[in-house]
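Q: Below you'll find the structure I mean.
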Amino acid sequence: MFPWLRKIKKEKYQCEWAMKLVKVLVKADTSWRMTESYIKKGRSKVHLYGKSQSIDIAEQDLKPLTPLLLATINGCIEIVEEILRVYPQAIDHIDHDGRNILSLAILHRRIEIIDLVDKLKTQKLRVRRKIDNYGNTLLHLVAEREDEVTEDLKGPALVLQEDTLLFKRIKEMCKPVDAMKLNSKGKTAEQLFFDNNNKLRSDAKEWMSENAKNCSIVAVLIATVAFAAAYTVPGGPDSKTGYPVLKNKPLFLIFTIADAISLSSSLTSVIIFLNIVTSSFRFKDFETSMFQKLHLGLTLLIVAVTMMMVAFAATLILTISSGRKWTDITLYTVSFFPVLIFVFTYIRFYKQLGGAIYRAFKQMIDEALEHYRSPKPIVWQYNRHSRHQTVDGSRILV
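Numbering (our numbering), first residue to last: 33 to 430.
Okay, here's the thing in structure tokens:
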């Protein structure tokens with residue numbers, strides 16, 4: 033058996049046995065029972081592990097969290113799903129700061145758990161209104177971020193984009209009045225978000241500007257090379273007519289097209305990168321527009337580099353090809369090898385970009401279908417024939 037196959041099989045067994053252990057432990061868990069009943073004014077349950085419920089603040093800080101809240105903080109989506117499947121009432125648990133599962137998922141940026149709670153229509157309506165002990169709504173918690181060291185280190189612009197999109201999503205999830213509520217510091221969620229992310233915005237602006245400047249320099253160099261190659265065609269011009277000597281060769285047409293695409297793509301990318309550098313860098317710009325410009329500029333830059341490599345390969349084959357089979361095959365391989373390496377290098381980047389575009393398009397289609405499938409409300413109108421009649425004319429009570 034191959035070592036990599038043995039490793040995959042071992043990891044599969046570990047996951048299966050870990051889930052079996054989780055199911056056993058969840059059934060034996062009694063933390064959901066040790067809760068106070070619902071307090072009036074919509075407050076959620078407070079879990080208590082000790083015999084006495086009169087615990088002072090010092091002891092309360094040392095009190096352990098329930099397994100559901102611990103799994104939420106650490107992002108263990110499988111454990112959260114199993115606990116909510118066996119004990120749905122556990123979703124009302126809160127910690128000593130008055131934060132429930134959705135609050136902690138937002139605070140620790142556990143997007144999968146937010147998606148899970150969002151699918152629970154009835155429970156979501158109950159947990160979304162929770163306000164913690166500091167007067168923070170769910171929108172206020174988007175402005176907060178727990179400092180955690182993870183392997184997935186992202187640039188400041190990407191972090192700001194995720195936070196901005198998360199704020200927009202949670203705002204749609206909450207009631208409109210939540211956006212106007214003040215916390216214990218006297219700030220609305222939007223004010224707190226702007227204040228806490230002001231430094232992140234400055235870092236994101238610097239990150240975006242530096243990347244745009246560096247890419248524009250590369251694009252200008254490529255445009256210079258492509259422009260010079262257009263006047264120094266392979267084989268040189270004919271001394272009598274002035275036309276290129278190799279103009280009837282098929283590869284000469286490839287060289288011409290590739291060089292023209294490289295020149296136009298590089299110059300267009302320069303314009304886009306200059307537009308990024310001169311942007312105002314508002315918070316709203318980091319949602320989609322800035323990254324759309326950056327992705328478009330990088331795409332054109334990659335196309336320019338690829339076409340320049342194709343033009344180089346065509347020039348090399350036109351000038352050195354000897355007509356021998358194995359010599360030409362070797363020459364083709366060596367010439368187009370950099371192109372293949374360059375394409376494979378950016379496959380992952382465009383795979384992520386394509387996935388993001390697909391998810392956004394799918395979400396838009398799902399929302400449109402849900403809108404048209406939802407039953408339309410019956411609107412009543414009065415006329416002289418019937419006191420109760422719908423808009424479509426069907427009489428309900430004559």
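In this text, a Cβ means the ideal position worked out from N, Cα and C, and glycines have one as well.
Taking the alpha-carbon of E319 as reference, which of F369, S248 and A236 has the nearest alpha-carbon?
A: Within the sequence shown, residue 319 is the residue found at index 287, counting from 1. Measuring from the Cα of E319, the nearest candidate turns out to be A236.
Q: Reducing DSSP to helix, strand and coil, say where H125 ends up.
A: The residue labelled residue 125 in the question sits at position 93 within the sequence shown. In the structure shown, H125 sits in a strand (DSSP, three-state: E or B).
Q: Quick check: the Cα distance between S84 and H128, rounded to an integer number of angstroms?
A: Numbered from 1 along the sequence shown, position 52 holds the residue referred to as residue 84. Numbered from 1 along the sequence shown, position 96 holds the residue referred to as residue 128. At S84 the pLDDT is 37, less than 50, meaning the model places this residue with poor confidence; the figure from the coordinates comes in the next sentence. Going by the C-alpha atoms only, they are around 16 Å apart.
Q: For Y45, which of helix, strand or coil comes out of DSSP?
A: Here residue 45 is taken as the residue at index 13 of the sequence shown, counted from 1. Helix, per DSSP.
Q: Contact check, T104 vs R141 under 8 Å by CB: the rounded distance?
A: Translated into positions along the sequence shown, residue 104 becomes position 72. Translated into positions along the sequence shown, residue 141 becomes position 109. The Cβ separation is near 11 Å, so there is no contact.
Q: Using the C-alpha atoms, what's the distance from G107 back to I352?
A: Here residue 352 is taken as the residue at index 320 of the sequence shown, counted from 1. Here residue 107 is taken as the residue at index 75 of the sequence shown, counted from 1. Their backbone Cα atoms lie some 59 Å apart in a straight line.
Q: Should the region 242 to 249 be regarded as contacting the region 289 to 307, the criterion being three or more beta carbon pairs within less than 8 Å?
A: Cβ pair count under 8 Å is three or more, so yes.
Q: Is it right to say S298 is buried, meaning 16 or more other beta carbons lie within 10 angstroms of its own, or is it exposed?
A: Position 266 of the sequence shown, counting from 1, holds the residue named residue 298. S298 is buried by the Cβ-count criterion.
Q: Leaving aside the five residues before and after A189 along the sequence, list all residues of the same chain whose C-beta is less than 6 Å from its C-beta, in chain order.
A: One-based indexing of the sequence shown puts residue 189 at position 157. Excluding sequence neighbours, A189 sits near A236, W239 and M240.
Q: Roughly how many angstroms separate the alpha carbons of S248 and I254, rounded to a whole number?
A: Numbered from 1 along the sequence shown, position 216 holds the residue referred to as residue 248. Numbered from 1 along the sequence shown, position 222 holds the residue referred to as residue 254. Going from the Cα of S248 to the Cα of I254 covers about 10 Å.
Q: With a threshold of 16 other CB atoms inside 10 Å of the CB of Q324, please say whether the residue is buried or exposed.
A: In the sequence shown, the residue the question calls residue 324 occupies position 292. The residue in question, Q324, is exposed, as its Cβ has fewer than 16 Cβ neighbours within 10 Å.
Q: Using a Cβ-Cβ cut-off of 6 Å (strictly less than) and excluding sequence neighbours within five positions of P370, which residues of its own chain qualify?
A: The residue labelled residue 370 in the question sits at position 338 within the sequence shown. Cβ neighbours of P370 beyond the five flanking positions: M341.
Q: Assign S301 to one of two classes, buried (16 or more other C-beta atoms within 10 Å of its C-beta) or exposed (fewer than that).
A: The sequence position of residue 301 within the sequence shown is 269, counting from 1. Burial call: buried.
Q: My understanding is that L283 touches L326, with C-beta atoms under 8 Å, so please give their C-beta distance in whole angstroms.
A: Position 251 of the sequence shown, counted from the first residue, corresponds to residue 283. Position 294 of the sequence shown, counted from the first residue, corresponds to residue 326. Their Cβ separation, rounded to whole angstroms, is 34 Å, which puts L283 and L326 out of contact at 8 Å.
Q: Just to confirm the assignment, what range does the alpha helix (DSSP H) spanning T104 have?
A: Locating residue 104 in the sequence shown gives position 72, counting from the first residue. T104 -> alpha helix (DSSP H) spans P99 to N106.
Q: What's the gap between the Cα of V466 and the Cα of A292?
A: Any property of residue 466 remains undetermined from this structure, which presents the chain solely from 33 to 430.
Q: Rounded to whole angstroms, how far is the Cβ of V118 from the Cβ of V58, which I believe are closer than 8 Å?
A: Locating residue 118 in the sequence shown gives position 86, counting from the first residue. Locating residue 58 in the sequence shown gives position 26, counting from the first residue. The pair is a contact, with the Cβ atoms about 5 Å apart (cut-off 8 Å).
Q: For F34, does the three-state DSSP call read helix, strand or coil?
A: As a first step, residue 34 is located in the sequence shown; it is residue number 2 there, counting from the start. Three-state DSSP puts F34 in coil, outside helix and strand.
Q: Among L102, V112, F315 and G329, which residue has its Cα nearest to the Cα of E144?
A: As a working note, residue 144 is residue 112 in the sequence shown. The shortest Cα separation from E144 among L102, V112, F315 and G329 belongs to V112.
Q: Would a C-beta distance cut-off of 8 Å place F199 and V159 closer than the cut-off?
A: The residue given as residue 199 occupies position 167 in the sequence shown. The residue given as residue 159 occupies position 127 in the sequence shown. Contact: no.
Q: I want to know whether the region 226 to 236 touches the region 257 to 267 - three or more CB-CB distances under 8 Å.
A: At 8 Å Cβ cutoff, the stretches do not touch.
Q: Would you decide whether S135 is buried or exposed? Buried here means 16 or more other CB atoms lie within 10 Å of its CB.
A: Sequence index remark: in the sequence shown, residue 135 carries index 103 (1-based). The residue in question, S135, is buried, as its Cβ has 16 or more Cβ neighbours within 10 Å.
Q: How far does the alpha helix (DSSP H) with R233 in it reach, from first residue to last?
A: As a first step, residue 233 is located in the sequence shown; it is residue number 201 there, counting from the start. First-last of the alpha helix (DSSP H) with R233: N230 to Y263.
Q: Please confirm whether T169 and D210 have their CB atoms less than 8 Å apart.
A: Within the sequence shown, numbered from 1, the residue matching residue 169 stands at position 137. Within the sequence shown, numbered from 1, the residue matching residue 210 stands at position 178. It is a contact, given that the beta carbons lie within the stated cut-off.
Q: Could you give the C-beta distance for T377 and F287, rounded to a whole number, given that I count them as a contact under 8 Å?
A: Start at 1 with the first residue of the sequence shown, and residue 377 comes out as number 345. Start at 1 with the first residue of the sequence shown, and residue 287 comes out as number 255. Contact doesn't hold; Cβ gap of about 24 Å is too wide.
Q: In angstroms with no decimal places, state the Cα-to-Cα distance between K42 and K394.
A: Within the sequence shown, residue 42 is the residue found at index 10, counting from 1. Within the sequence shown, residue 394 is the residue found at index 362, counting from 1. Roughly 35 Å between the two C-alpha positions.
Q: From L333 to S311, what distance separates their C-alpha atoms?
A: On the sequence shown, residue 333 is found 301 positions in, with the first residue counted as 1. On the sequence shown, residue 311 is found 279 positions in, with the first residue counted as 1. Answer to the nearest angstrom: the Cα atoms are 20 Å apart.
Q: Going by CA-CA distance only, name the one from I303, T220 and R201 that's closest to A251.
A: Position 219 of the sequence shown, counted from the start, is the residue given in the question as residue 251. Checked all of I303, T220 and R201; the closest Cα to A251 is I303.
Q: Quick check on the burial criterion: 16 or more other C-beta atoms within 10 angstroms. Buried or exposed for R427?
A: Counted from its first residue, the sequence shown places residue 427 at position 395. Model confidence at R427 stands at a pLDDT of 47, short of 50, so the residue's coordinates are unreliable and nothing is read from them.
Q: Could you check whether I202 and L171 sit closer than 8 Å to each other, using their CB atoms as the reference points?
A: Numbered from its first residue, the sequence shown carries residue 171 at position 139. Numbered from its first residue, the sequence shown carries residue 202 at position 170. Yes, the pair counts as a contact, with Cβ atoms nearer than the cut-off.
Q: Grouping DSSP H, G and I as helix and E and B as strand, with all else coil, what is Y166?
A: For the purposes of this step, residue 166 is taken as residue 134 along the sequence shown, with counting starting at 1. In the structure shown, Y166 sits in coil (DSSP, three-state: anything other than H, G, I, E or B).
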